[in-house]
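Residue numbers (my numbering): 169 to 963.
The structure appears right after this line, and notes come after that.
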């Protein structure tokens, strides 16, 4: 062991002052002006030899190596003796290393391997087999010394695209490539700093040795200097600056060593003064580059990349010429979906992305000339994401991948796929049961009885399997939406209505408070709120406490109008219906309950049914201008800005309801939109029953996009009474559909005629989930408190 220890100490002594491997120089080239950068970008565009093939993702490997190098520098710098001097650039890196780590993790998260492989790569040159956009960003960083700003970046990319357009994927990759380039630049600087620190450590070693010899035996200084001459010491500015600075603080006798160093440098055509000046310049340049790189990393996090990409994308500029005039008014998520569709067609055809976008615009323009600008086919989205996709595919000669062909086939025959699949799976499982029962010789009557039971169980298994298979074969997609974030237009004026019953003073106060909360969360000058009320069923037309309840409700609505003046027609209304005699029920009650409320309310909006309401509080002048109605239950919460999102979705050209074929049935678009309905956080703990079935309350709305089998497969969804509908289309679809006293649960039937869709990215919350209510449509027992489930399950 002693021998091994001696050999280890000898090796460490030999290599203690060995110089690290010299790495690539920092990204630092001639500083260009604004005009010079533009000319350089055009030159690069003509010189870049691009190949569009799947290549290995070398960027992630390089990122891992850079991370290891930066972490090693951080650890080694922190381990330096506090008495030793640290350069300004190293101080910058130490102080901001947390930011560098954060940016490294962000770059790794936003650069999946498949994404980098699909980008166009360079054939040869310093960045051969690396993405073209990566080399482009390295050039920009080098010629601005890592000092990035939005104006320079936009101009540089725009100048490049004047010669050779970038793909959409490349534009979205720019922030990632800039992060990688800045991290690469910092790694190169740290490598130089490590090299310079090794040279300074070497200089300190020899100065300390000279100082020790001068104190103990000055006559041996010549011997030490001779050893220095044999050691092949570096002539770097870091070594010379540290050596001379240390010598100047010691005895004049050590100047003998400085004289030797000057003589040696003179033989190489250098001087101490030149290297001291060079060291000062190098440290200043490194400090500036590091500070610029750190500031640019912060800039990347603050930059609005959505606006950047859309302002530079040639595909975006082409799609904005939509003949239907819809595209510019859509929200970002919908525009991005259209651009992804363009990417899909370009990826699977010989056409470029710009060619695909122009072809879609041309098809929409042809339809606009034939059918008018208001037709759904005059909108470019009809050919990108709707029923015109096959026509656009033929126009650009797309080669459909097998997954897309399967999905298209399923969408063409959804009922055969779903019902047929359930039937086939059920029969296969049941056939296996019969075969097994026959081999065991079971009696016939027992086999028949058990087979019927087994058939029901097998069908449930088949339904679950088909639901799972549908989610694999059919991709979920959000409904297109207009951007109404700044406000609902006047011609899309909307009313939020709460059909309910006046049962008690406390309940009325809760209703007034509820619609006030709805308003505060969804303030908009063209959004109004109304209570559609009835009295509870009674053996007589009027009861002694009716007038007091009605006056209390009217006073509450009037107070809200005074508290929140609209500067025009009032925001809040109370629409109350009197009891009517129902011979089938043998009681006085509101006509057709909730369905009757909405039917008569729709008629009131279009100038009729005034006699159906005994009391109207608020300004009825706004009613004729209402185009959409959002219906809520008394226990439903309307989240912030959810109303604008629903109206924007309903108003999109592809979602507008159209009637064709059978009279009164919506065949294209949607007359009703149903948002997701979840359980509120407080409501999830009101009873054990709700706790068991409410799921991951408070988590799902923020972390998941919901896939609904019926919406994704049949392009239709269910309606459970909470959502938005277009007044005219809903009234037309429901006209004469339901005879009196025949329909209780009307929501699903309305969805069949008016065509409903699920808006999976908008969610309402309920205090008590509607699917756990018992017979609420039949007797309104939930509001009256006449429970029909076990009391221990209730709050």
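Even for Gly, the Cβ is constructed at its ideal location relative to N, Cα and C.
Practice problem: Please state whether DSSP places residue 872 in a helix, a strand or coil. | Solution: The pLDDT assigned to residue 872 is 40, lower than 50, so where the model puts this residue is not dependable; a value taken from the coordinates is nonetheless given after this. Here residue 872 sits in coil by DSSP.
Quiz item: Start and end of the alpha helix (DSSP H) containing residue 256?
Solution: 256–263
Quiz item: By a C-beta neighbour count over all protein chains shown, 10 Å radius and 16 as the cutoff for buried, is residue 630 buried or exposed?
Solution: buried
Quiz item: Are there 16 or more other CB atoms within 10 angstroms of the CB of residue 625, so buried, or fewer, so exposed?
Solution: exposed
Quiz prompt | Residues near residue 582 by beta carbon distance below 7 Å, same chain, minus five either side | solution = 881, 882
Quiz item: From the DSSP output, which residues share a beta bridge with residue 728?
Solution: DSSP output for residue 728 lists no bridge partner at all.
Quiz item: When we look at the beta-carbon of residue 573 and count the other beta-carbons within 10 Å, is it buried (16 or more) or exposed?
Solution: exposed
Quiz item: residue 496 by DSSP, collapsed to three states: which one?
Solution: helix
Exercise. List the endpoints of the continuous alpha helix (DSSP H) containing residue 301.
Key: 300–311
Quiz prompt | Test item: CB-CB of residue 569 and residue 516 under 8 Å | solution = yes
Quiz prompt | Helix, strand or coil at residue 823 according to DSSP, with G and I counted as helix | solution = helix
Quiz item: Since residue 351 and residue 231 are thought to touch, with beta carbons under 8 Å apart, how far apart are those beta carbons, to the nearest angstrom?
Solution: 7 Å
Practice problem: For the alpha helix (DSSP H) holding residue 200, just list the boundary residues, first then last. | Solution: That residue, residue 200, is in no alpha helix (DSSP H); it is neither H nor E in DSSP.
Exercise. For residue 671, collect the residues of the same chain with a Cβ closer than 6 Å to its Cβ; drop the 5 residues on either side in sequence, then sort them by chain order.
Key: 704
Quiz item: Cβ atoms of residue 465 and residue 972: under 8 Å apart, would you say?
Solution: Only positions 169 to 963 of the chain appear in the structure, and residue 972 is not among them; the question remains open.
Exercise. Use the C-beta contact count for residue 556: other C-beta atoms within 10 angstroms, 16 or more gives buried, fewer gives exposed.
Key: buried
Quiz item: Span of the beta strand (DSSP E) holding residue 373?
Solution: Here residue 373 belongs to no beta strand (DSSP E); instead the alpha helix (DSSP H) covers 336–384.
Exercise. Return the CA-CA distance between residue 725 and residue 483, expressed in angstroms with no decimal places.
Key: 50 Å
Quiz prompt | Residues near residue 879 in its chain [Cβ-Cβ closer than 8 Å; skip 5 each side] | solution = 644, 885, 925, 926, 928
Self-check item: Contiguous alpha helix (DSSP H) assignments of at least 4 residues, all confined to the region 546–593
Solution: 549–552, 557–564, 570–580
Exercise. Report buried or exposed for residue 360, applying the criterion of at least 16 other Cβ atoms within 10 angstroms of its Cβ.
Key: buried
Quiz item: With burial defined as no fewer than 16 other Cβ atoms inside 10 Å of the residue's Cβ, what is the status of residue 539: buried or exposed?
Solution: exposed
Quiz item: In three-state terms, what does DSSP make of residue 642?
Solution: coil
Self-check item: Cutoff 6 Å; reference residue 646; Cβ partners in own chain excluding five residues on either side
Solution: 929
Quiz item: Mind checking whether residue 966 and residue 745 have CB atoms under 8 Å apart?
Solution: Absent from the model: residue 966. The displayed extent of the chain is 169 to 963, so no value can be given.
Quiz item: Given residue 467, which residues of its chain have a CB within under 6 Å of its CB, disregarding the five upstream and five downstream residues?
Solution: 316
Exercise. Out of 373, 529, 260, point me to the one whose CA is closest to residue 563's CA.
Key: 529
Quiz item: Who are residue 332's beta bridge partners in DSSP?
Solution: DSSP output for residue 332 lists no bridge partner at all.
Practice problem: For residue 189, count neighbouring Cβ atoms within 10 angstroms of its own Cβ and tell me buried if that reaches 16, exposed if not. | Solution: Because the pLDDT at residue 189 is just 47, under 50, the model does not fix this residue reliably, and the value given afterwards should be weighed accordingly. Burial call: exposed.
Exercise. Answer with buried or exposed for residue 178, where buried requires no fewer than 16 other C-beta atoms within 10 angstroms of its C-beta.
Key: Residue confidence is low: residue 178 scores 38 on pLDDT, short of 50, so the model does not pin down where it sits. No coordinate-derived value is stated.
Quiz item: Just how far apart, CA to CA, sit residue 403 and residue 207?
Solution: 39 Å
Practice problem: With DSSP as the reference, label residue 518 as helix, strand or coil. | Solution: coil
Quiz item: Are at least three pairs of beta-carbons, each pair with one atom in the region 531–546 and one in the region 492–501, less than 8 Å apart?
Solution: yes
Exercise. Enumerate in chain order the residues of its own chain whose CB-to-CB distance from residue 431 is below 8 Å, with the five nearest sequence positions on each side excluded.
Key: none
Quiz item: DSSP puts residue 702 in a beta bridge; with which residues?
Solution: 669
Exercise. If I'm right that residue 300 touches residue 289 with Cβ under 8 Å, what's the distance once you round it to whole angstroms?
Key: 7 Å
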